[in-house]
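**Student:**
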Amino acid sequence: EEQKQAAREKQLRDFFKAKKKTKRFRARPLPQSIYGSPTRDKLEEEELYRNIRMPLKAQELLHNLSLPCRPAHRHFRKPRGPGQTAKLRCKHKCRCQSSGDEDLPEKWKEPFSEHSFLKHSTVYKPFCLHESSSESAKRQKILADIRADEENLKETRWPYLSPRRKSPVGSACAKPRPCHYVPPMPTACSRGRERAIRRTLEEKKMLEEERTRILTKQKQRMKELQKVLTTRVKAYDSHQSLAQMCKSKVKYLRKCEKARMREYQQELEDRDEKLRKRPLLFERVAQVVFIGI
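One rule links them: number in the numbering used here = place in the sequence shown (from 1) + 2.
Below you can see the structure in the form of structure tokens.
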């Protein structure tokens, strides 16, 4: 019984320990792109670029260096007149321009020989590690082409016609073909396509011809109708001038208008007479009542 109790207590203790156990923090793993070959290559390339740039920077600093000035000569200098100062300037100038180093002391000969190179007046292009040889060759080719255009074809430059722009016919004719050039063989699809294109072109041509034929027929018919109308007008013409015809027409129209006005006046008079002779309403009612009685 005691053993059972001890085993039960042990189980309960283990259960509570497992329940109280917290999860440990686990960091997320780094992505594989960090360890990939492109990142490694980029880091190596940056390191190589830095190693190349450092000696170039040091060489540039060496170019810009100059000999140190001696302060002893500056402090213990005797006052001189204007003539002596001019002579000293001229002497100093000649000494600086001389290429030899015999007048210098022994301790300055070696550093001066190390640093005595001429400063180039040219401007160095910035070093670019990422520039490829194909791009530089392409740039050189473009510059040579522009230079040749400027020397030979000055009158054809902008805003005139470009010398590189050629007509399609000329370019097609001038295009060289190799000796082993074999023309492409036509296939069934290409033949069918050509036949369909030819058929559509023929149909368009036939439609255009039919349209032109119809238009010419219409024009001829209009001309014939105009001729017929002119002949009929001439046949019905009474050989009167236009002014006489206009006067006669105006007289006829006035006569017709007067006749219509007379008819209208007559109709109005007849209506008034009819209304006047018509009996009044109470008279008609009285007549109807009398007849009914």
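Glycine included, each C-beta is placed from N, C-alpha and C at the ideal position.
If you're wondering where the values come from, they're calculated on a predicted model, not measured in any experiment.
Counting along the chain, where does the alpha helix (DSSP H) carrying E46 start and finish?
**Tutor:** Unbroken alpha helix (DSSP H) run through E46: 39-66.
**Student:** So, with DSSP's three-state summary, where would you put M187?
**Tutor:** M187 falls in the coil class under three-state DSSP.
**Student:** If you run the structure through DSSP and keep just helix, strand and coil, what is L282?
**Tutor:** Here L282 sits in coil by DSSP.
**Student:** Consult DSSP for Q5 and reduce its assignment to one of helix, strand or coil.
**Tutor:** Three-state DSSP puts Q5 in a helix.
**Student:** Taking 8 Å as the CB-CB cut-off, is V287 touching chain C?
**Tutor:** This model lacks chain C altogether, as it is built from one protein chain only.
**Student:** So for R28, helix, strand or coil by DSSP?
**Tutor:** Three-state DSSP puts R28 in coil, outside helix and strand.
**Student:** Among the residues of its own chain, which have a CB less than 8 Å from the CB of L282, if the five just before and after it don't count?
**Tutor:** Hits under 8 Å: none found.
**Student:** How many Å lie between I148 and R141 at the Cα?
**Tutor:** Each residue's Cα considered, the two are about 11 Å apart.
**Student:** Can you tell me whether DSSP reads Q298 as helix, strand or coil?
**Tutor:** The requested residue 298 is not part of the displayed model; the chain covers only 3 to 295.
**Student:** What is the DSSP secondary structure of Q34, reduced to helix, strand or coil?
**Tutor:** Coil.
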